[in-house]
Structure formats: structure tokens, C-alpha cells
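Enquirer:
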Amino acid sequence: MTVSLLQLIMTLLTFTNDVWTLPAPSSVIMESVDMRHMLRWPPLQATCNTTLLYSVQYQGEFELEHQNGRWMEAPECQRITLSHCDLTSDLGSDSDYNIRVRAHCGSQRSAWTKLSPSFNRRQTKLSVPKMTVMSAGDAIQVSFETLPQTSTVDVTIWKKGEKLQAVMHSMPAEEEVLHIAALQEGAEYCIKAQTVLHSGFRSNSTDTQCVSIIER
Numbered sequence: 011m012t013v014s015l016l017q018l019i020m021t022l023l024t025f026t027n028d029v030w031t032l033p034a035p036s037s038v039i040m041e042s043v044d045m046r047h048m049l050r051w052p053p054l055q056a057t058c059n060t061t062l063l064y065s066v067q068y069q070g071e072f073e074l075e076h077q078n079g080r081w082m083e084a085p086e087c088q089r090i091t092l093s094h095c096d097l098t099s100d101l102g103s104d105s106d107y108n109i110r111v112r113a114h115c116g117s118q119r120s121a122w123t124k125l126s127p128s129f130n131r132r133q134t135k136l137s138v139p140k141m142t143v144m145s146a147g148d149a150i151q152v153s154f155e156t157l158p159q160t161s162t163v164d165v166t167i168w169k170k171g172e173k174l175q176a177v178m179h180s181m182p183a184e185e186e187v188l189h190i191a192a193l194q195e196g197a198e199y200c201i202k203a204q205t206v207l208h209s210g211f212r213s214n215s216t217d218t219q220c221v222s223i224i225e226r
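Take a look at the structure:
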């Protein structure tokens, strides 16, 4: 056996030992609520003489069509000890994303485990917005807690007993507070709201809240 052939065999054996002796993560899932995208997997049950680490990569439409299928490393999820990865800032378009995770134990690496099916942020689940309604003079102030990124909130207001004359106001999520002025003194107004994504997907509506405009 020649020296070069022996070296090749040793290299292949080393590669096999490094890569395939560590089992791959299983049951990879995406939890997406209010446009926050959290990839999760069970902690690997494997013997490791050091800390088990995990790395995550993703591949979107841009990478597939313009970068020859390049896989991008999720910057905050490289060689991490946690068994979850927040990909909210990485999945920035309404395209389908392939996502994969693998484990590390020292020099050993597992095979990649791919999320199946692929993920699109339009699949996010929207929770009912948390709404607070207050009157101030002849105005009503409607405020919200932590609305999803890139969403709007549709606020519907009507004078009690006149729901057919309801008026809807749309507010970008980043504004957080809607001010509705020039309302009738002594009247009672009712309000409900729902979150809307630009894809048109809507949350359920809040419970109706009613407040009175105090007469001066």
C-alpha cells in the first residue's frame, strides 16, 4: 500500500469519526407567534466529554435564486448551548425558508436536520392585541402592548347604540397609541381592535371596551 493511499484512508476515517459519530438533532419545529420566529429542538441525548453545541443555518428565496443555493449562518445561533434559536431578524421576507440545525461535540459534528416543511413568516399565529382605552376631555386614547413587527392595528369605534355608523382607524404598529379627538361630550363610545399583517391575515378581535366622554 502506497503512502498516499494510506494517508487518504486515514483522512477518510478521521472525517467519518468527526462527522457521523454524533447523532443529529430530531423533531425540529418552528414556533411563530406575532411575527417572532423561534426554532426549537429537543436537547441531544448523546455522550459528550465537553459541552454540546448547536448551529443553525437558513436558506431563502434570494439565496436559492441568486446565490446558487447558499446556506446562511444565523449569526446569533452558531455553536450555542441552547436548544432554541430566535430567527426573527433573519427571516425578513415573505418567502419560504429552508432551515437546518446540527450539533457539535468538540471536533465531532452531526449531520444536518432540516425543518420540514419549509417556513414562511406568513404562517405566524396572531394573538389578540392587548388594548387599553382611556378618555381624556373630548378624546379617547387607545394604546397597545407589543404589536407584531410590520403589522397594523385596525381600531373600530362607534357611539353606543349606533354600531352601524362605526368608523375604523388603521394605525401602524410602531405608533402604539391612537388618539381619537372631537368626540361628543356626554356620549358613550365603544371600541374593539384587531391586528392585521400586510398579507391580509387578521387576529381575532379584542373584547369591546366602552368609555364615556365626560361633559365639561
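The sequence shown begins at 11 in my numbering and counts up by one.
All C-beta atoms in this analysis are idealised placements derived from N, C-alpha and C, irrespective of residue type, glycine included.
1) Near PRO52, what residues of its chain come up, given a Cβ to Cβ distance below 8 Å and the 5 sequence neighbours on each side ignored?
2) Going straight from the alpha carbon of ILE190 to that of GLN151, what length do you get?
3) Taking 8 Å as the cut-off, decide whether the C-beta atoms of VAL206 and VAL143 are in contact.
4) In angstroms, rounded to a whole number, what distance separates the CA positions of THR98 and THR160?
5) Would you kindly work out how many angstroms separate the C-alpha atoms of ASN214 and HIS114, rounded to a whole number?
6) Taking 8 Å as the threshold (C-beta atoms), are LYS135 and GLU155 in contact?
7) Of all the options GLU86, GLU41, TYR68, LYS170, which has the alpha carbon lying nearest to the alpha carbon of GLY196?
8) Can you look up GLN204 in the DSSP assignment and give me helix, strand or coil?
9) Three-state secondary structure (DSSP) at LYS173?
10) Is the distance from the Cβ of SER153 to the Cβ of GLU186 below 8 Å?
11) What three-state label does DSSP hand VAL29 in the structure shown?
12) In this structure, how does DSSP classify PHE211 when only helix, strand and coil are distinguished?
13) Under a Cβ-count criterion, where at least 16 other Cβ atoms within 10 Å of its own Cβ denotes burial, should PRO158 be classed as buried or exposed?
14) Among ALA176, THR162, TYR199, ALA192, which has the Cα closest to the Cα of ALA183?
15) Taking the C-alpha atoms as reference points, what is the distance between LEU63 and GLN69?
16) In this structure, how does DSSP classify LEU74 when only helix, strand and coil are distinguished?
17) Using 8 Å as the limit for Cβ to Cβ distance, is SER153 near chain E?
18) Could you please give me the residues that DSSP links to TRP168 through a beta bridge?
Expert: In short, the structure shows the following:
1) PRO35, SER36, SER37, SER93
2) 6 Å
3) no
4) Each residue's alpha carbon lies about 12 Å from the other.
5) 42 Å
6) no
7) LYS170
8) strand
9) LYS173: helix per DSSP, three-state reduction.
10) yes
11) At VAL29 the pLDDT is 47, less than 50, meaning the model places this residue with poor confidence and gives no usable figure here.
12) If DSSP states are grouped into helix, strand and coil, PHE211 belongs with coil.
13) buried
14) The option with the nearest alpha carbon to ALA183 is THR162.
15) 21 Å
16) helix
17) Here there is only one protein chain, and chain E is not present.
18) Answer by DSSP bridge pairing, in chain order: CYS200.
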